[in-house]
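Numbering (UniProt numbering), first residue to last: 1 to 286.
From the three backbone atoms N, C-alpha and C, an ideal C-beta is built for every residue, glycine too.
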């Protein structure tokens with residue numbers, strides 16, 4: 001099943017050092033680009049977190065956010081009284097100089113280094129973070145696949161429309177050729193001097209060859225088969241679909257340029273509309 005590049009997943013994990021939270025969100029992007037926001041305790045883990053993500057995903061602009069929320073009631077909470085005193089005196093001076101500035105005791109306690117809980121086991125916390133990321137990645141990939149299923153259905157519906165239009169054009173071709181033959185014969189008959197029948201037939205064949213779109217219709221048929229096959233694959237297929245759409249668009253342009261009938265001209269326009277709609281969906285596929 002194809003995957004969308006837009007998704008969100010999150011989760012939490014309770015550890016001896018607090019509740020560890022993780023969020024992953026992504027939007028479409030040509031390549032894989034990962035931005036991170038990590039607590040100080042997990043900064044050293046960033047390369048491993050990026051590798052973990054790259055092993056599961058190939059495209060998308062991702063934001064990884066991890067937070068460590070300390071236990072609400074920590075019996076062994078310690079306060080650096082010397083630092084708190086320095087900050088308190090600084091706050092007093094600032095509020096004297098700037099009366100509108102408000103600094104509470106709670107604000108001071110939340111500043112880095114003022115309070116500290118139990119010593120953190122860095123290695124154990126990192127293992128917890130990696131396990132949590134794996135859990136969130138599972139949900140994230142599932143979300144991408146669910147959204148990818150919707151995109152696949154929307155694309156398949158439009159591919160069916162392209163196939164229907166191509167089939168209609170193919171049924172029109174014999175009548176269009178016959179009509180062009182009759183028009184050319186009428187023009188030749190109106191000429192003041194007779195035209196050699198063999199030469200006239202040769203010119204007619206050359207003219208009809210220039211208008212022939214059988215090759216484009218055959219290629220379109222094979223590309224329709226290919227796009228349906230690609231939509232069933234599990235690996236990233238966004239770039240392959242981009243290529244197929246370029247081929248679809250080229251064939252629609254050729255059909256329009258060779259058209260001598262309003263029905264095939266309208267068909268070329270309808271094809272380009274459907275192709276543009278598919279392109280909008282494909283831009284979000286991994």
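- A contact between stretches requires three or more CB pairs, one per stretch, nearer than 8 Å, and the stretch 130-141 meets this requirement with the stretch 9-24.
- Between residue 65 and residue 37, the C-beta gap is smaller than 8 Å, which places the two residues in contact.
- Taking a 10 Å sphere around the C-beta of residue 281, we find 16 or more other C-beta atoms and assign the residue as buried.
- Annotation: residue 254 to residue 177 spans about 17 Å, alpha carbon to alpha carbon.
- Here residue 267 is buried. Its C-beta has 16 or more other C-beta atoms within 10 Å.
- Residue 29 holds the alpha-carbon nearest to the alpha-carbon of residue 58 among 29, 198, 278.
- Around residue 69, the same chain offers 18, 19 as residues with beta carbons nearer than 6 Å, after the five sequence neighbours per side are excluded.
- Note that the C-beta distance between residue 217 and residue 169 is below 8 Å.
- Annotation: the continuous beta strand (DSSP E) that includes residue 35 extends over 32-37.
- The three-state secondary structure of residue 70, taken from DSSP, is coil.
- From the listed residues 235, 249, 94, the smallest Cα separation to residue 223 is found for 249.
- Per DSSP, the unbroken beta strand (DSSP E) holding residue 25 starts and ends at 18-27.
- Inter-residue distance for residue 80 and residue 113 is about 7 Å (C-alpha atoms, whole angstroms).
- A Cβ-Cβ contact shorter than 8 Å links residue 34 with residue 50.
- For the pair residue 158 and residue 46, the Cα-to-Cα distance works out to about 42 Å.
- Scanning its chain for C-beta atoms nearer than 7 Å, with the 5 sequence neighbours on each side dropped, one finds around residue 270 the residues 165, in chain order.
- Residues 66, 67, 68 of the same chain have their beta carbon placed closer than 7 Å to that of residue 39, with the five preceding and five following residues left out of the count.
- Taken through DSSP and simplified to helix, strand or coil, residue 61 comes out as strand.
- Exposure of residue 262 is indicated by the presence of fewer than 16 other C-beta atoms within 10 angstroms of its C-beta.
- In this structure, the straight-line span from the alpha carbon of residue 93 to that of residue 106 is close to 18 Å.
- Considering only 130, 162, 48, 103, the residue with the shortest C-alpha distance to residue 227 is 162.
- Per DSSP, the unbroken beta strand (DSSP E) holding residue 13 starts and ends at 7-15.
- Closest option to residue 145, judged by alpha-carbon separation, among 234, 61, 129, 213: 234.
- Taking residue 212 as reference, the option from 283, 61, 238, 264 with the minimal CA-CA separation is 264.
- For the pair residue 279 and residue 242, the Cα-to-Cα distance works out to about 7 Å.
- In terms of Cα proximity to residue 122, the closest of 16, 247, 276, 108 is 16.
- Secondary structure at residue 2: coil, using DSSP grouped into helix, strand and coil.
- In the DSSP assignment, the residues bridged to residue 285 are 4.
- For residue 161, the enclosing alpha helix (DSSP H) has its first and last residue at 122-190.
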